[in-house]
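Peer 1:
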Amino acid sequence: MSADIVTAPAEVTSNRVPRRAGRSSRVNRTRFSTWAYIAPAFLLYGLFVIIPALHTVYISLFNWDGVTLATWAGFGNYESVFTSEALRGAIEHALVLILFFAGLPILLGLVLTAVLSRFRRPGMSLFRVIFFLPQIVPLVAVGITWRWMYNEDGAVNQILRAIGLGGITRAWLGDFNLALFAVGLIGTWALTGLCTMLFVSGAQKVEPNLYEAARLDGAGAIREFRAVTLPALRGEIAVALTVTTIAALASFDVIYVSTNGSPGNTTTVPGLLVYRLAFTDGQVGQASALAVTLTVLILIVVLIINRLVDAKDEQ
Amino acid sequence: MSSFFRREIRMRRRLVIVGAGFALLLAGCSSLTPGSSASTSSTPSTSSAAVSATTSTGGAVASSGAVGSGSGVAAVTTAVPADKVELKLAFTDSPDMTKALIAAFEKKFPQVTITSQYTQFNDYVKSLKLAMSSDSAPDLAQYNAAFGTFVAGGLIRDLTPYEQAYGWDKSFPKSALDELRVDPTGKILGTGALIAVPGGLSLVGVYYNKQLMTKAGITSPPTTLTEMEADLAKAKTAGITPVSVGSLDTGGLHVWASVMNVSTDVPALKNWINGKAGSSIVTPAAIAATQKFADWAKKGYFPASANGTSENDSATAFAKGASLFLINGNWAAAQLDKAMGANVGFMVMPPATAGGKAVGNGFSVSYSISAKSKHPEAAAAFLNFLQSPEASVIEDAGGFLPPNASAAPAATGVKGDLKKANQAVVSADGLIPFPDFAAPAMLDSLESGLQSVIAGREQPQDFLQSLQTVWTAYHGS
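Sequences listed follow chains A and B, in order.
So the mapping is simple: the numbering used here equals the position in the first sequence, first residue as 1, plus 202.
So the mapping is simple: the numbering used here equals the position in the second sequence, first residue as 1, plus 109.
#1: I want to verify the contact list: residues of chain D whose CB lies under 9 angstroms from the CB of A/ARG372, in sequence order.
#2: For chain B, is any of its Cβ atoms less than 9 angstroms away from the one on A/ASP455?
#3: Do B/LEU510 and B/LEU303 come within 9 angstroms of each other at the CB atom, strictly closer than that value?
#4: Determine the DSSP secondary structure at B/ILE436, reduced to helix, strand or coil.
#5: Per DSSP, what kind of secondary structure is B/SER575 in: helix, strand or coil?
#6: My understanding is that B/PHE543 touches B/LEU298, with C-beta atoms under 8 angstroms, so please give their C-beta distance in whole angstroms.
#7: For the candidate residues A/THR447, A/GLN485, A/PRO465 and A/ALA440, whose alpha-carbon lies nearest to that of A/ALA513?
#8: Between A/TRP348 and A/SER490, is the Cβ-Cβ spacing less than 9 angstroms?
#9: If you draw a straight line from the alpha carbon of B/ALA240 to that of B/SER225, how long is it in whole angstroms?
#10: DSSP puts B/LYS197 in a beta bridge; with which residues?
#11: For B/SER586, is the classification buried or exposed, using 16 other Cβ atoms within 10 angstroms of its Cβ as the cut-off for buried?
#12: Buried or exposed for B/TYR595, please, with buried defined as at least 16 other CB atoms from any protein chain shown within 10 angstroms of its CB.
#13: Going along the chain, which residues of its own chain have a beta-carbon closer than 8 angstroms to the beta-carbon of A/PHE277, five neighbours each way excluded?
#14: Can you list the residues of chain B that A/TRP348 reaches, using a CB-CB cut of under 9 angstroms?
#15: Pop quiz: B/THR333 and B/THR462 are said to be a contact at Cβ under 8 angstroms. What is the actual Cβ separation, rounded to whole angstroms?
#16: What in chain A is Cβ-close to B/GLN560, meaning under 7 angstroms?
#17: Anything in chain A within Cβ reach of B/PHE259, meaning under 8 angstroms, just list it in chain order.
#18: By the three-class DSSP mapping on this structure, what secondary structure does B/LEU135 have?
#19: Is there a Cβ of chain B sitting closer than 9 angstroms to that of A/ASN279, yes or no?
#20: Note down, one range per segment and in chain order, each alpha helix (DSSP H) of at least 4 residues found wholly within the region 381-430 of chain A.
#21: Using a C-beta cutoff of 9 angstroms, does A/ASP182 count as contacting chain B?
#22: Let me make sure I understand the geometry here. Which of B/THR328, B/ILE563, B/TYR275 and B/GLU195 has the alpha-carbon closest to that of B/LEU492?
#23: What's the gap between the Cα of A/PRO465 and the Cα of B/GLN400?
#24: Going by the C-beta, is B/VAL562 closer than 8 angstroms to any heavy atom of the ligand NAP?
#25: Counting contacts by CB-CB distance shorter than 9 angstroms, is B/SER329 in contact with chain A?
#26: At what residues does the beta strand (DSSP E) containing B/ASN318 begin and finish?
#27: Taking beta-carbon pairs under 8 angstroms, can you tell me which members of the region 468-495 of chain A lie near chain B?
#28: Alpha carbon to alpha carbon, how far is B/LEU559 from B/PHE572? Give it in angstroms, no decimals.
#29: Find out if the Cβ-Cβ distance for the pair A/THR273, A/LEU382 is shorter than 9 angstroms.
#30: Determine the burial state of B/TYR612: buried for a count of at least 16 other Cβ atoms within 10 Å of its Cβ, exposed for fewer.
#31: For the beta strand (DSSP E) containing B/SER353, name the first residue and the last one.
#32: Show which residues of chain A have a CB atom less than 7 angstroms away from the CB atom of B/ARG290.
#33: Helix, strand or coil, according to DSSP, for B/GLN568 in the structure here?
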């Protein structure tokens, strides 16, 4: 539907010279009604998304503490964004988080899907609900809960002690080498359900007789998954990859409530720096510049992901 | 799906053009400069600041507001207007205490009604930034370190004339009032206009577990830092964790700052925290103090999990008997009193030499008057009420130390210890602001830096240098 709306004005311009007089008014009417259809959504979107976004870009060109009169900064804020060492660390951490927010959940999601789709039983939807549950819990609650679980005497260490691994217990979020991985695993926990749900519903589109054929040909579980399920899930994987990569690069809430960047600065992420700049350091201009840069970075990564998927499409 | 994205990109290109148009429009309209609403809405001559205008005319309220205009030597009155007055008070801490204070004040001055607006801490500063610059600004607002920017924006009334009229310099502790003075730029604390008045003080000191003390063979609480170090060693030998530390957030800060307070020159330290030009934290004494803190961590005086434990959790651990000492504020007293009863004691951080000055980090829950308030006399009467005996009882019950230290109700146990410590610090003028007040970005640097020092990943000098870098970025060298 959106395709019609988008392409309609282009058609109109190409037919600027009407072949028949009667057509012109119809075209005009089409043009009017096209805009009329777009208008409500466009107005709302413009008012609450586009204008605020542009306003952010605008603010990023000023030195502003959030209260007093701002002074023009030009691209000075962007300069400090690109020379900031703290930001480089934060971007590195975000890239590591992609592994935990996108890589692991997709991998785990595929494994779960393979299991769930091979052994179809009544009550499948129950499993989907169970796997999807982490998505329903607000991320702030997730972060606080995991902060407790990673405590010295938290659930994680209790389990480790119970299975005889008492030697490796520690306050996980306080460990300079492991805190980032610990935080990343929170993301894995939260996003695996989303990926699984996407994949399971994708796998359900597959004609059951395809599986039957594969089995008749003597394919085992792994072969069957690789030959039948995986190709059918290409679109879902692309969606999952896009969504989870954005979640990793734009992560803020889980980090903010679980470690706030600690220990040292080993778990800082760009989103956290934006928040700190704007709301504690009173450098709203620089925060906006960083937010704009982060948005552009995310758009580039998403574009790359889509290009990769496209390239495969054309093969 | 992929084609969907391609279409999106095409759409986006069009939007960019539309967007460029918007941006031009915005740029053309100069009143859209961020922050212009804050300064245009205050009175014409005060685009600089209400507070700065006042200080320049020598303590008279000459700026916006309703009080005496014209001559510039307007005397303020301590008389509460007899007419019915309605005040709005915005706050974020201790709802019960605030409401009790308001009720007691309204009882004393029935013609004044105070409506309170509670905002959760995380949103308080953000929402207040908007509220204070709006025409419906609250008359009274609970002070917060971020108010510095409000001062530069001319949104807060200079209380110095009221201080003189009421004689607050005598009825409130000097060090507590000094923490609430700020220069016209809003950046340098401890000097200049008084912008808030305290309704309850906080104080950081040392809690000790009496049973564990006996168990470790310690006969009495330490009276010097050297004695305290000896006690830490004794506890360690006896298999007791010497100090509970929760440095995942602010817990490490209290320990480090307490060592700094008793080991370095207090006026110089205060100057640095207040932002006085030319101050530096990278001094030999500060390096030695930080080294001591690092050594404590290295010797295992802190729990191995310190960096993964929050300040709250460290207090809970201490309450359960996990350690000999806990360096924390009066806010933990109620919880510890309940859990440990007569087993817990409190003292100020032991001084470097016997008989040294009683010092400790502390701040206050305090209130400012908006520059836009139409009833500053009534609002000032509320501020004055904060040191009255009636208010002191309410503040004490709210878990704070009343600014009128002598009016605090008698107490026993750890609360009695706190009262004694507070009186000692107030009479020695030894209240020191928290070090993170030095600059807005300081707290994050302190927390992450101390985590690194505890883990032995950063040398004391490098840590202090990193703090100085943040300081210089905000204050200039």
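Idealized CB from N, CA, C, for every residue including glycine.
Peer 2: Let me lay it out:
#1: Of the protein chains in the structure, A and B, none is chain D.
#2: Residue 455 of chain A sits at position 253 when you count from the first residue of the first sequence. Judged by the 9 angstroms Cβ criterion, A/ASP455 is not in contact with chain B.
#3: Locating residue 303 of chain B in the second sequence gives position 194, where the first residue counts as 1. Locating residue 510 of chain B in the second sequence gives position 401, where the first residue counts as 1. No; because the gap between Cβ atoms is not below 9 angstroms, this pair is not in contact.
#4: As a first step, residue 436 of chain B is located in the second sequence; it is residue number 327 there, counting from the start. Looking at B/ILE436 - three-state DSSP - the assignment turns out to be strand.
#5: For this step, residue 575 of chain B is matched to residue 466 along the second sequence. DSSP places B/SER575 in helix when its eight states are reduced to three.
#6: Position 434 of the second sequence, counting from 1, holds the residue named residue 543 of chain B. Position 189 of the second sequence, counting from 1, holds the residue named residue 298 of chain B. Going by Cβ atoms, the distance from B/PHE543 to B/LEU298 rounds to 11 angstroms, so no, they are not a contact pair.
#7: Residue numbering aside, residue 513 of chain A sits at position 311 when the first sequence is read from its first letter. For A/ALA513, the nearest C-alpha among the options comes from A/ALA440.
#8: Position 146 of the first sequence, counted from the start, is the residue given in the question as residue 348 of chain A. Position 288 of the first sequence, counted from the start, is the residue given in the question as residue 490 of chain A. Cβ atoms of A/TRP348 and A/SER490: not closer than 9 angstroms.
#9: As a working mapping, residue 240 of chain B is identified with position 131 in the second sequence. As a working mapping, residue 225 of chain B is identified with position 116 in the second sequence. Roughly 14 angstroms between the two C-alpha positions.
#10: Translated into positions along the second sequence, residue 197 of chain B becomes position 88. Answer by DSSP bridge pairing, in chain order: B/THR224.
#11: The count along the second sequence starts at 1 and reaches residue 586 of chain B at position 477. Here B/SER586 is exposed. Its C-beta has fewer than 16 other C-beta atoms within 10 Å.
#12: Coverage of chain B is limited to positions 110 through 586, which leaves residue 595 of chain B absent and any answer about it impossible.
#13: Taking the first residue of the first sequence as 1, we reach residue 277 of chain A at position 75. If we look at A/PHE277 and ignore the five residues flanking it on each side, its Cβ neighbours are LEU263.
#14: Taking the first residue of the first sequence as position 1, residue 348 of chain A is located at position 146. From the beta-carbon of A/TRP348, no residue of chain B is found nearer than 9 angstroms; the closest lies around 12 angstroms away.
#15: Locating residue 333 of chain B in the second sequence gives position 224, counting from the first residue. Locating residue 462 of chain B in the second sequence gives position 353, counting from the first residue. Here B/THR333 really is in contact with B/THR462; their C-beta atoms are around 6 angstroms apart, less than 8 angstroms.
#16: The residue labelled residue 560 of chain B in the question sits at position 451 within the second sequence. Neighbours of B/GLN560 on chain A, chain order: SER464, PRO465 and GLY466.
#17: Locating residue 259 of chain B in the second sequence gives position 150, where the first residue counts as 1. Residues of chain A passing the Cβ test: VAL269.
#18: Here the question's residue 135 of chain B lines up with position 26 in the second sequence. Legend: pLDDT at B/LEU135 = 42, less than 50; position of this residue unreliable, value from coordinates given subsequently. Look at B/LEU135 here: in three-state DSSP terms it is helix.
#19: The residue given as residue 279 of chain A occupies position 77 in the first sequence. For A/ASN279, the answer is no, since every Cβ of chain B falls outside 9 angstroms of its Cβ.
#20: Taking 4 residues as the minimum length, the alpha helix (DSSP H) runs contained wholly in the region 381-430 of chain A are 381-405, 410-418 and 423-426, in order along the chain.
#21: This structure leaves residue 182 of chain A out entirely; chain A is present only between 203 and 517.
#22: The residue given as residue 492 of chain B occupies position 383 in the second sequence. Comparing Cα-Cα distances from B/LEU492 to each of B/THR328, B/ILE563, B/TYR275 and B/GLU195, the minimum goes to B/TYR275.
#23: Residue numbering aside, residue 465 of chain A sits at position 263 when the first sequence is read from its first letter. Residue numbering aside, residue 400 of chain B sits at position 291 when the second sequence is read from its first letter. Taking the straight line from one Cα to the other gives about 19 angstroms.
#24: Judged by which ligands are present, the structure shown has none, so any question about the ligand NAP falls away.
#25: For the purposes of this step, residue 329 of chain B is taken as the residue at position 220 of the second sequence. Chain A, which has no Cβ nearer than 9 angstroms to the Cβ of B/SER329, makes this no.
#26: To locate residue 318 of chain B, count along the second sequence from 1; it is residue 209. Residue range 313-318 is occupied by the beta strand (DSSP E) that includes B/ASN318.
#27: Result list: ARG478, PHE481, THR482, ASP483, GLY484, VAL486 and GLY487.
#28: Stepping through the second sequence from its first residue, residue 572 of chain B is reached at position 463. Stepping through the second sequence from its first residue, residue 559 of chain B is reached at position 450. Spanning the two alpha carbons is a distance of roughly 8 angstroms.
#29: Within the first sequence, the letter at position 71 stands for residue 273 of chain A. Within the first sequence, the letter at position 180 stands for residue 382 of chain A. Not closer than 9 angstroms, so no.
#30: Look at the range of chain B in this structure, 110 to 586, and you will see that residue 612 of chain B is not part of it.
#31: One-based indexing of the second sequence puts residue 353 of chain B at position 244. Per DSSP, B/SER353 is one residue of the beta strand (DSSP E) stretching across 350-353.
#32: Position 181 of the second sequence holds residue 290 of chain B. Contact note: B/ARG290 does not reach chain A at a C-beta cutoff of 7 angstroms; the least C-beta distance is about 20 angstroms.
#33: Position 459 of the second sequence holds residue 568 of chain B. Correct three-state label for B/GLN568: coil.
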